[in-house]
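Residue numbers (this note's numbering): 1 to 307. Taking it in order: structure first as structure tokens, then the write-up.
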Amino acid sequence: MPELPEVEVVRRGLARWVVGRGVAEAEVLHERAVRRHAAGAADAVLRMTGADVADAARRGKYLWLPLHREHRVAEALVVHLGMSGQLLVEEPAAPEEKHLRARWRFTDGGHELRFVDQRTFGGIAVVPLVPAPDGGAGGAGEHPDAEWARTLPAPVAHIARDPLDPAFDDDAFALRLRRRATGLKRALLDQTLVSGVGNIYADEALWRAGLHYARRTASLTRAQVADVLAGLREVMTAALAAGGTSFDSLYVNVNGASGYFERSLAVYGRAGGPCRRCEEPVRRDAFMNRSSFTCPRCQPVPRNAHW
DNA sequence: GAAAGGGCCTGGGGGC
DNA sequence: TGCCCCCAGGCCCTTT
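Quick look at the structure:
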């Protein structure tokens, strides 16, 4: 499942293969893939065709390509990969993927960009860029000094910075986290508090911090919040490094958890297996319509848990 | 308006 | 072989 590291790997692929090129033709093959584009597929196609791709930017799990048109960068193509979305850079003659949802051909006649999404939980939209409430995308694009670097796509404006963002404010995060009346993992999955964290890296970071997912956020010490942030940064940085090996590939891969990084996971998907620290069998709980993996010894259930 | 949390989207795979 | 149910998890949307 694409979380921050996987999405950043894709962003880097786009920066290399797509930025600076002109869109000759855009094609939407599945209506559901553009459901977040209010004006419909035809309008989305119209807004992409003839534009130049100015940059490849990211905040949390959202990716976007600011579009240059008539001397302005006022809109962006936003992509969310959802659970199963992939962006592929392919030879125009390459056979169509079974779940191909959208395609872009470029004026140079070179490699095309494809959006493939088995479950269509992801999607694309062309949306206006608005001034960023917190001062910009934080270096997530290739052109931090450009006018558009201080903007965000409208549907992304409410998303918080991620823990790897140099402008992420640890103290402000700790303050907001401890004011919440909720459980720790619920809070970590709230993209308005901290972005880029999904089920997998939340579990991995909590294991590193030795904290249970149902721990009440209000009861956390400053040191424990620091441990959680350190855990998130550690696991995300390692995953990003592992994904880096695919940068040179034409295939802009997003199979992070099921592929190269899977071996490094300490608890996620390892129910019944030995904890890598204490050998206690890893436990799987149903939680928030999904699974949570913990080590019962390293991450004991807290008193006054918030489930 | 903010916060909290339930529910939904889809297709593959396993079990019967 | 075929049908049905379960599962994945991010975020939309309702409720408070």
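Ideal Cβ positions, reconstructed from N, Cα and C, are used throughout, including at glycine. Note that the structure is a prediction, hence the values are computed from the model and not measured.
Practice task
Between the Cα of ALA44 and those of ARG222, GLU96, LEU67 and VAL301, spot the shortest distance and give me the residue it belongs to.
Solution key: The residue labelled residue 44 in the question sits at position 44 within the first sequence. Selected option, being the one with the closest Cα: LEU67.
Handout entry: Cβ contact (3+ pairs, closer than 8 Å) linking the region 286 to 303 and the region 212 to 219
Key = yes
Problem - Where ARG12 falls, given that 16 or more other Cβ within 10 Å makes a residue buried - result: The sequence position of residue 12 within the first sequence is 12, counting from 1. The residue is buried, with at least 16 neighbouring Cβ atoms inside 10 Å.
Practice task
With a threshold of 16 other CB atoms inside 10 Å of the CB of ALA102, please say whether the residue is buried or exposed.
Solution key: Walking along the first sequence from the start, residue 102 turns up at place 102. It counts as buried.
Exercise for the section: May I ask you to check if the CB of PHE293 is nearer than 6 Å to at least one heavy atom of the ligand GDP? Expected result: Among the components modelled here there is no ligand, and therefore nothing to report on the ligand GDP.
Exercise for the section: Determine the contact status of TRP63 and VAL7, defining contact as a CB-CB distance below 7 Å. Expected result: Here residue 63 refers to the residue found at position 63 of the first sequence. Here residue 7 refers to the residue found at position 7 of the first sequence. Correcting the residue type first, residue 63 is Leu in the shown sequence and not Trp. Taking 7 Å as the Cβ cut-off, LEU63 and VAL7 qualify as a contacting pair.
Practice task
Taking TYR213 as part of the beta strand (DSSP E), name the residues at either end of that continuous run.
Solution key: Along the first sequence, one-based indexing puts residue 213 at 213. Segment: none, TYR213 is in no beta strand (DSSP E) and carries neither H nor E.
Exercise for the section: With a threshold of 16 other CB atoms inside 10 Å of the CB of ASN304, please say whether the residue is buried or exposed. Expected result: By one-based count along the first sequence, residue 304 stands at place 304. Looking at its Cβ environment, which holds fewer than 16 other Cβ atoms inside 10 Å, ASN304 is exposed.
Problem - Identified DSSP bridge partners for SER291 - result: By one-based count along the first sequence, residue 291 stands at place 291. Partner(s): ALA286.
Problem - Close-in-space but distant-in-sequence residues of the same chain around VAL156 (CB under 6 Å, 5 per side omitted) - result: Locating residue 156 in the first sequence gives position 156, where the first residue counts as 1. Once the five neighbours on either side are set aside, the close Cβ partners of VAL156 are ARG59 and TYR62.
Exercise for the section: Give the straight-line distance between the Cα atoms of GLU279 and VAL228, rounded to the nearest whole angstrom. Expected result: Position 279 of the first sequence, counting from 1, holds the residue named residue 279. Position 228 of the first sequence, counting from 1, holds the residue named residue 228. Near 22 Å, if we compare the C-alpha coordinates of VAL228 and GLU279.
Exercise for the section: Verify whether the separation of the beta carbon atoms of ASP55 and GLY141 is less than 7 Å. Expected result: What you label residue 55 is simply residue 55 of the first sequence in a count that begins at 1. What you label residue 141 is simply residue 141 of the first sequence in a count that begins at 1. In this structure, GLY141 lies closer than 7 Å to ASP55 by Cβ.
Handout entry: Candidates ASP145, CYS275, GLN191 and PRO153, of which the one nearest ARG161 by Cα
Key = As a first step, residue 161 is located in the first sequence; it is residue number 161 there, counting from the start. Residue GLN191 is the option with its Cα nearest to ARG161.
Exercise for the section: Mark ARG270 as exposed unless 16 or more other C-beta atoms lie within 10 angstroms of its C-beta, in which case mark it buried. Expected result: Locating residue 270 in the first sequence gives position 270, where the first residue counts as 1. Classification of ARG270: buried, given that the 10 Å Cβ count is 16 or more.
Practice task
Could you check what DSSP says for GLY269 in three-state terms: helix, strand or coil?
Solution key: As a first step, residue 269 is located in the first sequence; it is residue number 269 there, counting from the start. Three-state DSSP puts GLY269 in coil, outside helix and strand.
Exercise for the section: Taking ALA238 as the reference, give the member of ASP117, ALA205, ALA226 and THR217 with the closest Cα. Expected result: The count along the first sequence starts at 1 and reaches residue 238 at position 238. Among ASP117, ALA205, ALA226 and THR217, the Cα nearest to that of ALA238 is on ALA205.
Problem - As assigned by DSSP and simplified to three states, the class of PRO281 - result: For the purposes of this step, residue 281 is taken as residue 281 along the first sequence, with counting starting at 1. It is a strand residue.
Exercise for the section: For ILE200, name the three-state secondary structure that DSSP assigns. Expected result: Locating residue 200 in the first sequence gives position 200, counting from the first residue. Looking at ILE200 - three-state DSSP - the assignment turns out to be helix.
Problem - Supposed close pair VAL282, VAL301 - CB separation, criterion 8 Å - result: Taking the first residue of the first sequence as position 1, residue 282 is located at position 282. Taking the first residue of the first sequence as position 1, residue 301 is located at position 301. Wrong, their Cβ atoms sit about 15 Å apart, outside the cutoff.
Practice task
May I have a chain-ordered list of the alpha helix (DSSP H) segments no shorter than 4 residues that lie completely inside the region 12 to 73?
Solution key: 41 to 48
Practice task
Can you grab the Cα-Cα spacing for the pair ALA198 / GLU70, in whole Å?
Solution key: In the first sequence, counting from the first residue as 1, residue 198 sits at position 198. In the first sequence, counting from the first residue as 1, residue 70 sits at position 70. According to the sequence provided, residue 198 is Gly. The question's Ala does not apply to it. Near 38 Å, if we compare the C-alpha coordinates of GLU70 and GLY198.
Practice task
Could you check if ARG179 is buried or exposed, using at least 16 other CB atoms within 10 Å of its CB as the buried criterion?
Solution key: Counted from its first residue, the first sequence places residue 179 at position 179. ARG179 is exposed by the Cβ-count criterion.
Practice task
Could you have a look at GLN224 and say whether DSSP puts it in helix, strand or coil?
Solution key: For the purposes of this step, residue 224 is taken as residue 224 along the first sequence, with counting starting at 1. Helix at GLN224.
Practice task
With PHE115 as the anchor, note down where its beta strand (DSSP E) starts and where it stops.
Solution key: Here residue 115 corresponds to residue number 115 of the first sequence, with the count starting at 1. Element bounds for PHE115: 112 to 117.
Practice task
Check each candidate in HIS99, VAL73, ARG114 and MET83 and name the one with the smallest Cα separation from PRO92.
Solution key: Translated into positions along the first sequence, residue 92 becomes position 92. That would be ARG114, whose Cα lies nearest to the Cα of PRO92.
Problem - C-alpha gap between LEU126 and LEU184, whole angstroms - result: Residue numbering aside, residue 126 sits at position 126 when the first sequence is read from its first letter. Residue numbering aside, residue 184 sits at position 184 when the first sequence is read from its first letter. First, the residue type needs correcting, since residue 126 is Val and not Leu in the sequence shown. Between VAL126 and LEU184, the C-alpha separation is close to 34 Å.
Practice task
Consult DSSP for PRO5 and reduce its assignment to one of helix, strand or coil.
Solution key: Within the first sequence, residue 5 is the residue found at index 5, counting from 1. In the structure shown, PRO5 sits in a helix (DSSP, three-state: H, G or I).
Handout entry: CB contact flag (LEU81, GLY122, <7 Å)
Key = The residue labelled residue 81 in the question sits at position 81 within the first sequence. The residue labelled residue 122 in the question sits at position 122 within the first sequence. Their beta carbons are under 7 Å apart, which means LEU81 touches GLY122 by this criterion.
Handout entry: ARG101, enclosing beta strand (DSSP E) - first and last residue
Key = The count along the first sequence starts at 1 and reaches residue 101 at position 101. It spans 100 to 106 - the beta strand (DSSP E) in which ARG101 sits, taken as one unbroken run.
Handout entry: Nearest-angstrom Cα separation, counted from PRO274 out to ALA76
Key = Position 76 of the first sequence, counting from 1, holds the residue named residue 76. Position 274 of the first sequence, counting from 1, holds the residue named residue 274. Computed Cα separation, rounded: 46 Å.
Practice task
Put ALA125 into one of helix, strand or coil per three-state DSSP.
Solution key: Mapped onto the first sequence, residue 125 falls at position 125. Correct three-state label for ALA125: strand.
Handout entry: Contacting residues, own chain, Cβ-Cβ under 7 Å from PRO131 (five flanking each side not counted)
Key = Here residue 131 refers to the residue found at position 131 of the first sequence. ARG150 and THR151.
Problem - Classification of LEU175 by the beta-carbon crowding that lies within 10 angstroms, buried from 16 upward - result: Within the first sequence, residue 175 is the residue found at index 175, counting from 1. By the 10 Å Cβ count, LEU175 comes out exposed.
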